[in-house]
Structure formats: structure tokens, C-alpha cells
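**Student:** The sequence shown begins at 1 in the numbering used here and counts up by one.
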Amino acid sequence: DAARGVALFGMMSTHVLPLYTPGTTEATWTALLFSGRASGLFAVVAGIGLALLTGGSTPHRDRTLSADRRGIAVRAVVIALIGLVLGGVETNIAIILFHYGVLFLVALPFTGLRAGPLAAWAAGWLVLAPVAAYLLRPVVAAGVDPDSLGGNPLFDSFLVPQTLAADIFLTGYYPVLQWLGFLLVGMTLGRLDLSRLGVQLGLLGAGVAAAVGAKLLSAQLLGPGGGLAALLGTPDGSRYPLEAMLDVGLAGVEQSGSWWWLAVSAPHSGATLDLVHVAGSAAAVVAACLLLTRRFPSALLPLSAPGAMTLTLYSLHICVMSWADQLAPLPDPTQLYWLQVIAAVAIGILFHRIRSRGPLELLASGAANAARDGSAAARR
């Protein structure tokens, strides 16, 4: 829950605070710390949750696993529906919830695997999915225009299913093809005995090594390796301030014309080194939260309390930002951000004290439990 709280506040910061220093192309600390990492952490923690729901270190089997999958599928549909409703809110925020629900559905076949096979799938996915995406994007673009979706998925988007599928799986802000790797990494972590100190320390070290190593390798490939010079010669590389965007994010940039796009580690690039860096960062954050709560059980309550109801608080955040964007003059971003953080912490602690879950969490878990328990009862 604490790691999920970090993800929530990190995502909120990228929605509210500037990602570039005003009047320059220099990335802000918000961008350097949270762009791409916060939403990726959200997905990795979701994978951990899926693993815990399906047995933790000992995966469920047979009828129990089938019931688990039924519950997860219903939970995914509820989350996706909430995402579609929020898609109708006037905002420039790329809402993750519909993609999140689709990711849950796509991950279902992997829920019966142990840690070893999951680790192999995760590693292969992080390496090969970006290559597949690079090859598929121009093929898909020749038949449909994903940009014609016009923003977040809506119920009306199902009238153009090919465009919707292209946006969700390949060209959107959170492409499911690559982002499934984050869930697989999280599911691998959730199959470990995360209560053991050795596992926590190993996870912290491996996460930091992966995150730092991916950035260093990308820097070598783009600098001395000549990759950046090659990218600056591509259509999008010459159209945008590419060097600045490598720190902030490549969402909206058509990564075509050079295989060197696969060497970047920029946020939201979907390249292998980006995925490895984000997954490593997420693993390190999870390990740090586990280690801190081991020594100071209540220290992370301001993170874990709101982290236990992120579906509700994220949805409230989207609505608040839609309202704030209509104000004249616009609110000060720093004040607006911290007011939302304080409110989220207060709401989270209130629900923690009264031992209740958030309303949207109750809706999603209630539907999931009904589906899981109903399927079990039907078999009896």
C-alpha cells in the first residue's frame, strides 16, 4: 500500500506540476523523479497484487485458480468502466484506468505460474515487446489512425474498435503490449516471500542495479555509440527538442525511421531500457517500503493509508484537476498539488481509522468477490 501511495502522489505530481522549467526545455525535478516511473510503479504493484490474490509464493491451482481468475476479470471490467466514465471528464490527463483493466485481463493466463517461469516471461517480455511494437506500429498506422481517437477512451470509442485497439495496445500513453512486462515483473515479485529480510535486501540491490544500469547503457549507446545523432536525423527527432524530451518523456513522438529508438531509456518511450529502468526503480521502491515498515511499522501510514484506496483517490484527483482547469486565473500548481496530497492523506487516514475501504475499492472488490464466490458455489 505504501508503494502504491508513492505511485499515486508521483502520478499526481506529473499531472499538476510543470515538467519543464518555465521558459526553457530543461526538465524539472518532478519530471526527473516521477515521469514514467510513477505510473510504472503503479503497474508493478498491481502485478504484486495479482500474485498475492492468486496464492502468493504458492500459486493456487484448479478450481481455486479458476475462481480467482473470475474475480480478477470482473475487477478488471469494473476498473475499465470507471476509466471510461472518467474519460468523459474534460481533462488533458492521460487516464490509466481503462488500460489498467485491460492489463488485468491480459495477465490472466500467467496467474497460475510460479516465480521462475514468471521471471523468464517477464525478462523476455521486457526485451522483445518493444521490438514487436517497433515493427507493428507502422503496419497498424497504415490501416488506422490511432490519433483520431482524440484523447482518453470513451464508450463511443468502441464504435471504432480497430482504432481503440491500436491506441490501447500500441500507440497510446500506456501501451499494453509493452506494459504487460510491468505486471509480469510485479507478479514475479509477488511470488517471492517478501516478508524475508534477505529477499527485501536482494530486491533493493537488484532494483537499483537494473535502474542505474539501464540508464548508463542507454547513455553509452546514445552518446559514444552514435545513437542520438542518428535519432536527430529522423523525422520526429528533428521536429521535437529530442534531447530535452529524453528526460521528460516521448509520449506522442512517432518512434520510427531508426532502430536506435530501441536504445533510449526516456519515460513513456516503451523501449527495453525504459522498461528495465522503470521496473528496477519500482522494485527498489517496493523493497524500500518493506524495509522501512519492518523497522518502523507506522512510519509510512501517510503513504499506505491513501495507497489502500488509490482507485477512489485517483478518480477524485481527475475530477479536481478538471475543475481546476476551468478556473480563471489558474491555481498555483505547487499549492494545488500539496492541497491534494494533504487531502488524500487525510481521507486515507480517516478510512484507515474507521477500518473501511474507499467506495470505489468496495465496488470493485465486492463485484470481484461475488464473481469468485458465485463460481465456487455453482461448482458445489
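Cβ coordinates follow ideal geometry from the N, Cα and C atoms, glycine included.
Could you give the C-beta distance for ILE93 and ILE318, rounded to a whole number, given that I count them as a contact under 8 Å?
**Tutor:** Within the sequence shown, numbered from 1, the residue matching residue 93 stands at position 93. Within the sequence shown, numbered from 1, the residue matching residue 318 stands at position 318. Right, the Cβ-Cβ distance comes to about 6 Å (below 8 Å), so this counts as a contact.
**Student:** From the DSSP output, which residues share a beta bridge with TYR20?
**Tutor:** In the sequence shown, residue 20 corresponds to position 20, counting from 1. BP columns for TYR20 point to ALA27.
**Student:** Exposed or buried, which one is ASN152 when buried takes at least 16 other CB atoms within 10 Å?
**Tutor:** By 1-based counting over the sequence shown, the position of residue 152 is 152. Looking at its Cβ environment, which holds 16 or more other Cβ atoms inside 10 Å, ASN152 is buried.
**Student:** Quick one: Cα of THR25 to Cα of ASP167, how far?
**Tutor:** Here residue 25 is taken as the residue at index 25 of the sequence shown, counted from 1. Here residue 167 is taken as the residue at index 167 of the sequence shown, counted from 1. Between the alpha carbons of THR25 and ASP167 lies a gap of roughly 28 Å.
**Student:** Taking all protein chains shown into account, do 16 or more other C-beta atoms lie within 10 angstroms of the C-beta of GLY116, making it buried, or fewer, making it exposed?
**Tutor:** The sequence position of residue 116 within the sequence shown is 116, counting from 1. Taking a 10 Å sphere around the C-beta of GLY116, we find fewer than 16 other C-beta atoms and assign the residue as exposed.
**Student:** Could you tell me the alpha carbon to alpha carbon distance between PRO235 and MET245, rounded to whole angstroms?
**Tutor:** By 1-based counting over the sequence shown, the position of residue 235 is 235. By 1-based counting over the sequence shown, the position of residue 245 is 245. Cα to Cα, PRO235 sits roughly 15 Å from MET245.
**Student:** Mapping DSSP to helix, strand and coil, what is SER238?
**Tutor:** Position 238 of the sequence shown, counted from the first residue, corresponds to residue 238. Of the three classes helix, strand and coil, the one that applies to SER238 here is helix, per DSSP.
**Student:** Am I right that LEU231 and GLY237 are in contact with their C-beta atoms under 8 Å? What's the rounded C-beta distance?
**Tutor:** Stepping through the sequence shown from its first residue, residue 231 is reached at position 231. Stepping through the sequence shown from its first residue, residue 237 is reached at position 237. Contact between LEU231 and GLY237 holds: their C-beta atoms lie close to 4 Å from each other, under 8 Å.
**Student:** So is ARG380 buried or exposed if we call it buried at 16+ other beta carbons inside 10 Å?
**Tutor:** Here residue 380 refers to the residue found at position 380 of the sequence shown. In this prediction, ARG380 has a pLDDT of 46, which is less than 50 and means its spatial position is unreliable; nothing more can be read from the coordinates.
**Student:** Decide if the region 247-254 is in contact with the region 266-276; the criterion is three or more beta carbon pairs, one per stretch, under 8 Å apart.
**Tutor:** yes
**Student:** Give me the Cβ distance between SER298 and ILE82, rounded to the nearest whole Å; I'm assuming they're in contact under 8 Å.
**Tutor:** Reading the sequence shown from its first residue, position 298 is the one you call residue 298. Reading the sequence shown from its first residue, position 82 is the one you call residue 82. Actually they do not touch by this definition, with Cβ atoms about 31 Å apart.
**Student:** Please classify VAL131: is it buried, with 16 or more other beta-carbons within 10 angstroms of its beta-carbon, or exposed?
**Tutor:** The sequence position of residue 131 within the sequence shown is 131, counting from 1. With fewer than 16 Cβ atoms within 10 Å of its Cβ, VAL131 is classed as exposed.
**Student:** Would you mind listing the alpha helix (DSSP H) stretches within the region 263-307 that are 4+ residues and don't spill past its ends, in chain order?
**Tutor:** 272-295 and 301-307
**Student:** Measuring alpha carbon to alpha carbon, tell me which residue in LEU311, SER57 and VAL212 is nearest ASP274.
**Tutor:** Indexing the sequence shown from 1 puts residue 274 at position 274. With distances taken between Cα atoms, ASP274 lies closest to VAL212.
**Student:** Check whether the Cβ atoms of ALA368 and GLY71 lie closer than 8 Å to each other.
**Tutor:** Within the sequence shown, residue 368 is the residue found at index 368, counting from 1. Within the sequence shown, residue 71 is the residue found at index 71, counting from 1. Cβ atoms of ALA368 and GLY71: closer than 8 Å.
**Student:** Can you tell me where the alpha helix (DSSP H) with MET187 in it begins and where it stops?
**Tutor:** Position 187 of the sequence shown, counted from the first residue, corresponds to residue 187. According to the DSSP assignment, MET187 belongs to the alpha helix (DSSP H) that extends over 176-190.
**Student:** Less than 8 Å separating the beta-carbons of ALA107 and LEU33?
**Tutor:** Looking up residue 107 in the sequence shown gives position 107. Looking up residue 33 in the sequence shown gives position 33. It is not a contact, given that the beta carbons lie outside the stated cut-off.
**Student:** Should ALA308 go down as buried or exposed, given a rule of 16 or more other Cβ atoms within 10 Å for buried?
**Tutor:** Your numbering for residue 308 matches position 308 in the sequence shown. With 16 or more other Cβ atoms within 10 Å, it is buried.
**Student:** Whose CA, out of LEU194, TRP260 and LEU154, lies closest to the CA of GLY225?
**Tutor:** Here the question's residue 225 lines up with position 225 in the sequence shown. Of the listed residues, the one whose Cα sits closest to GLY225 is TRP260.
**Student:** What do you reckon, are the CB atoms on VAL185 and ALA141 nearer than 8 Å?
**Tutor:** Taking the sequence shown and counting its residues from 1, the one referred to as residue 185 is at position 185. Taking the sequence shown and counting its residues from 1, the one referred to as residue 141 is at position 141. No. Outside cutoff.
**Student:** State yes or no: is the C-beta of LEU105 within less than 8 Å of the C-beta of ALA67?
**Tutor:** Numbered from its first residue, the sequence shown carries residue 105 at position 105. Numbered from its first residue, the sequence shown carries residue 67 at position 67. It is not a contact, given that the beta carbons lie outside the stated cut-off.
**Student:** Skipping 5 residues on each side, what residues in its chain have a beta carbon closer than 6 Å to that of LEU311?
**Tutor:** Against the sequence shown, residue 311 aligns to sequence position 311. For LEU311, where only same-chain residues beyond five positions count, the Cβ hits under 6 Å are LEU360 and GLU361.
**Student:** What first and last residue would you give for the alpha helix (DSSP H) that runs through VAL199?
**Tutor:** Counted from its first residue, the sequence shown places residue 199 at position 199. It spans 197-222 - the alpha helix (DSSP H) in which VAL199 sits, taken as one unbroken run.
**Student:** Mapping DSSP to helix, strand and coil, what is ASN92?
**Tutor:** Against the sequence shown, residue 92 aligns to sequence position 92. ASN92 falls in the coil class under three-state DSSP.
**Student:** What ranges does the alpha helix (DSSP H) occupy inside the region 94-132, keeping only unbroken runs of at least 4 residues that lie completely in it?
**Tutor:** Segments of the alpha helix (DSSP H) lying fully in the region 94-132: 97-107.
**Student:** Nearest CA to the CA of VAL16: which residue from ALA328, ALA370, ALA324 and LEU154?
**Tutor:** Here residue 16 refers to the residue found at position 16 when the sequence shown is read from its first residue. For the residues ALA328, ALA370, ALA324 and LEU154, the minimum Cα distance to VAL16 belongs to ALA324.
**Student:** Do VAL144 and THR272 have their CB atoms nearer than 8 Å?
**Tutor:** For the purposes of this step, residue 144 is identified with residue 144 of the sequence shown, where counting begins at 1. For the purposes of this step, residue 272 is identified with residue 272 of the sequence shown, where counting begins at 1. The beta carbons of VAL144 and THR272 sit no closer together than 8 Å.
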